[in-house]
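Chemist: I'd like to ask you about the structure that follows.
In my numbering, the protein residues as written are 108 to 188.
Next up, the structure:
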């Protein structure tokens, strides 16, 4: 899967898991907590959806280092390739 496709998948999951303003721009550099102001429960919901969709499991210790959309894309791509 291409990185661009993964970023788009993450963006879709963010919009489904949060109450983000529909006009809010999401980029690879967007921070889940600072820029997108996602609550922890929204982040875990989004991660669960992405794990199910990609048939992977991401350990919490690996997630704790992830702050941006791009970092999450790289982590997921590393798990599925």
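Every residue gets a Cβ at the ideal spot worked out from N, C-alpha and C, and that includes glycine. Computed from a predicted structure; not experimentally measured.
#1: Just to confirm, does residue 147 get its C-beta within under 7 Å of one of the non-hydrogen atoms of the ligand FMN?
#2: I need the boundaries of the alpha helix (DSSP H) containing residue 151, first residue and last residue.
#3: Residues in the same chain with beta-carbon distance under 8 Å from residue 135, minus the five sequence neighbours each way, listed in chain order, please.
#4: Pick helix, strand or coil for residue 134, following the three-state DSSP scheme.
#5: On the criterion of 16 or more Cβ atoms from any shown chain inside 10 Å, does residue 172 qualify as buried, or is it exposed?
Modeler: Well, looking at it:
#1: Ligands in the displayed structure: none, and consequently the ligand FMN is not present.
#2: 147-161
#3: 114, 175, 176, 177 and 180
#4: coil
#5: exposed
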